[in-house]
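Asker:
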Amino acid sequence: MENKDIVEMLDAIANYLNREEYQKALEYIEGKKSEISDKIDPTSEYIDDLVAKLK
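With our numbering applied, the sequence shown corresponds to residues 1406 to 1460, in that order.
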């Protein structure tokens, strides 16, 4: 994920909060969390592989 993506997400959340659309902000956050968790993180895979090899 790039910095510009994070800034865009924070801007969207701030806009919802400024308009007092708290439920929409929560839904947006939950949607983004599921998008992010679905992506494979190469760093996590690398660490998991190292830990498995150490066992």
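Note that the Cβ used here is the ideal one computed from N, Cα and C, for glycine as well.
1) With Lys1458 as the anchor, note down where its alpha helix (DSSP H) starts and where it stops.
2) The alpha helix (DSSP H) spanning Glu1407 covers which residue range?
3) With distances taken from CA atoms, which of Ile1411, Ile1418 and Asp1410 is nearest Ile1434?
Answerer: Put simply:
1) Reading the sequence shown from its first residue, position 53 is the one you call residue 1458. Per DSSP, Lys1458 belongs to the alpha helix (DSSP H) from Pro1447 to Leu1459.
2) Sequence index remark: in the sequence shown, residue 1407 carries index 2 (1-based). It is not in any alpha helix (DSSP H) - Glu1407 carries neither H nor E in the DSSP assignment.
3) Numbered from its first residue, the sequence shown carries residue 1434 at position 29. Ranking Ile1411, Ile1418 and Asp1410 by Cα distance to Ile1434 puts Ile1418 first.
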